[in-house]
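J.: This is the structure I have questions about; it appears just below.
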Amino acid sequence: MPGAPGLAFRLSRQATSTISPPIPQAYKWATSYVPTLQRPLLDMSQGVPGIPPPEALLDAIGNASKSPSACGYCPVPGELSLRQALADEMKHVYGREGAVDINPDDVMITSGCNMAFTATVMSLADAGDEVILPVPWYFNHQMTLNLLGITTVPLMTTAESGFKPSPELAATLITPKTKAIALVTPNNPTGAVYPPSLIASFAILARKHNIALILDETYRDFLLTGPPHSLFSSQEQSWRSTLIHLFSFSKSYCIPGHRLGAIVAAPAILTATRTVLDCLQICAPRPPQLALAPLLPQLRPFTRAHAESIDARHALFRSVLPPRWIIGAQGGFFAFVRHPFKGVSASVVSERLAREVGVVTLPAEFFCQAKADIVVKGDGEQETVVREVVSPADDDMWIRFSVANVDDEKVRKICERLAECESTFGWELA
Numbered sequence: 001m002p003g004a005p006g007l008a009f010r011l012s013r014q015a016t017s018t019i020s021p022p023i024p025q026a027y028k029w030a031t032s033y034v035p036t037l038q039r040p041l042l043d044m045s046q047g048v049p050g051i052p053p054p055e056a057l058l059d060a061i062g063n064a065s066k067s068p069s070a071c072g073y074c075p076v077p078g079e080l081s082l083r084q085a086l087a088d089e090m091k092h093v094y095g096r097e098g099a100v101d102i103n104p105d106d107v108m109i110t111s112g113c114n115m116a117f118t119a120t121v122m123s124l125a126d127a128g129d130e131v132i133l134p135v136p137w138y139f140n141h142q143m144t145l146n147l148l149g150i151t152t153v154p155l156m157t158t159a160e161s162g163f164k165p166s167p168e169l170a171a172t173l174i175t176p177k178t179k180a181i182a183l184v185t186p187n188n189p190t191g192a193v194y195p196p197s198l199i200a201s202f203a204i205l206a207r208k209h210n211i212a213l214i215l216d217e218t219y220r221d222f223l224l225t226g227p228p229h230s231l232f233s234s235q236e237q238s239w240r241s242t243l244i245h246l247f248s249f250s251k252s253y254c255i256p257g258h259r260l261g262a263i264v265a266a267p268a269i270l271t272a273t274r275t276v277l278d279c280l281q282i283c284a285p286r287p288p289q290l291a292l293a294p295l296l297p298q299l300r301p302f303t304r305a306h307a308e309s310i311d312a313r314h315a316l317f318r319s320v321l322p323p324r325w326i327i328g329a330q331g332g333f334f335a336f337v338r339h340p341f342k343g344v345s346a347s348v349v350s351e352r353l354a355r356e357v358g359v360v361t362l363p364a365e366f367f368c369q370a371k372a373d374i375v376v377k378g379d380g381e382q383e384t385v386v387r388e389v390v391s392p393a394d395d396d397m398w399i400r401f402s403v404a405n406v407d408d409e410k411v412r413k414i415c416e417r418l419a420e421c422e423s424t425f426g427w428e429l430a
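Anchor point for the sequence shown: position 104 equals 104 in UniProt numbering, and the numbering is continuous, going up by one each time.
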């Protein structure tokens, strides 16, 4: 029997059991809001840069796009010039306390960091294998694993720990089927920044059990406190046996539409990844590669200033957030906030915020959904229904706010509306 109306064939079970992209749901809620000049729609849902890239980069991308030579394929691993430039940049980022052992053979350029994660897990794991993800997780990571038939093993975090995962708890989850632990730091969705000692503990755990440590550092350039960790240092045991580093040019250089990411790993891993990427993308977009390669060193002041502005906006958000709204973690582009309404789920609160108050956010549930079913209604219309949700932590009252794509004035207005809804929503306050 067909699995969807109008089709003579069944759709993939892996695709139909994977949750739908959550962000469009939040925007669907927002369509009910009627904005005015005095009360426009205010969006703190998506983690996108709120400023354009620097003029020098825009000009370079434009010039590269006009070049006939940029219209052809480049090598599957990416332009050598950008691979060398990224290796050099990582020596600057991670090497302020010692030498860093990274070279272009360790680097592969991808069409965005989601592609980097997909290609990495396809290189590591087979259907039925397991990958450990901290909860709440970045939903695209869990969606990718489900699409591939790889089991997501939830590693629970709590507000008491600042939503930082426990290596000791992770150790109890490792089985013969475990292929990797995947961490995101600074974290999406919670904003939690994992200290170097915690990252080192996970590297030791992975090495002990002969599994990979996938470290997504998309937001690493928004740390102002020094090197994110010392795993790349030549003084440490070789990182190549365990670590797979993922990076996104989108956030640091404000070019998410140009889809550029990277994998940094042992060449033995990248040999398998090259086969995967040859099937998925052939090569990453050439113009932004050619444009970025010579510019990375001179763009450091831009990325630093951007990081400082985001840090200042985090501080502003903390200072104007109504007292009953509690920040559990904060960093990178995000703040994870506990709403004050007793016994009300974050999904219900986020929906009312979007529909009635014009503030778009993402509830924790969006980062804890594991499985979905496609059901066919009596009228033949199909609908995705979530049937498995991992508890987001110690309760379901957490909401993700993105401070990156709003200015200071909008942060103040959003917090004013949050204060208003404490009385207008009519719910008991915790």
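Built from N, CA and C at the ideal position, the CB exists for glycine as well.
#1: From the DSSP output, in three-state form, read off Glu160 for me.
#2: Identify which residue in Thr275, Ala335, Ser309 has its Cα closest to the Cα of Ser108.
#3: So Val320 packs on Trp398, CB below 8 Å; how close in whole Å?
#4: Do Ser45 and Leu362 have their C-beta atoms closer together than 9 Å?
#5: Please report how far the alpha carbon of Pro285 lies from the alpha carbon of Gly261, in whole angstroms.
#6: Kindly give me the distance between the Cβ atoms of Glu422 and Pro287, rounded to whole angstroms, as I take these residues to be in contact under 8 Å.
#7: For Phe247, name the three-state secondary structure that DSSP assigns.
#8: Let me confirm a value: Ala354 is counted as buried when at least 16 other C-beta atoms fall within 10 Å, else exposed. Which label applies?
#9: Please report the straight-line C-alpha distance between Ile19 and Ala99, rounded to a whole angstrom.
#10: With a 10 Å radius around its C-beta and 16 neighbouring C-beta atoms as the bar for buried, classify Pro63 as buried or exposed.
#11: What residue range does the alpha helix (DSSP H) around Ala30 cover?
#12: Among the residues of its own chain, which have a CB less than 6 Å from the CB of Pro53, if the five just before and after it don't count?
#13: Taking the straight line between their C-alpha atoms, what separation do you get for His306 and Val76?
#14: Taking the CB atoms as reference points, tell me whether Glu130 and Thr157 lie closer together than 9 Å.
#15: Could you check whether Thr190 and Arg220 sit closer than 9 Å to each other, using their CB atoms as the reference points?
#16: Can you name the start and end residues of the beta strand (DSSP E) that Val403 belongs to?
#17: Indicate whether Thr242 and Ala291 have their beta-carbon atoms separated by less than 9 Å.
#18: Give the DSSP-derived three-state secondary structure of Pro77 in the structure shown.
#19: Report all residues from its chain with a CB closer than 7 Å to the CB of Ala116; omit the five preceding and five following residues, and keep chain order.
#20: Determine the DSSP secondary structure at Arg304, reduced to helix, strand or coil.
#21: Could you name the residues of the same chain whose beta carbon sits closer than 8 Å to that of Leu7, not counting the 5 residues immediately before and after it, in chain order?
#22: Using only alpha-carbon positions, find the residue among Asp395, Pro195, Ser233 that is nearest to His92.
#23: So, using beta-carbon positions, are Ala170 and Ala125 closer together than 9 Å?
T.: On the basis of the data shown:
#1: coil
#2: Reading off the sequence, residue 108 comes out as Met, not Ser. Comparing Cα-Cα distances from Met108 to each of Thr275, Ala335, Ser309, the minimum goes to Thr275.
#3: Contact flag wrong, Cβ pair sits at about 19 Å.
#4: yes
#5: 10 Å
#6: Contact doesn't hold; Cβ gap of about 49 Å is too wide.
#7: strand
#8: buried
#9: 43 Å
#10: Per the sequence presented here, residue 63 reads as Asn, with Pro not at that position. That one is exposed.
#11: 23-30
#12: Tyr253, Cys254, Ile255
#13: 31 Å
#14: no
#15: no
#16: Element bounds for Val403: n/a, residue is neither H nor E.
#17: no
#18: coil
#19: Thr110, Leu246, Gly261, Ala262, Ile263
#20: helix
#21: none
#22: Ser233
#23: no
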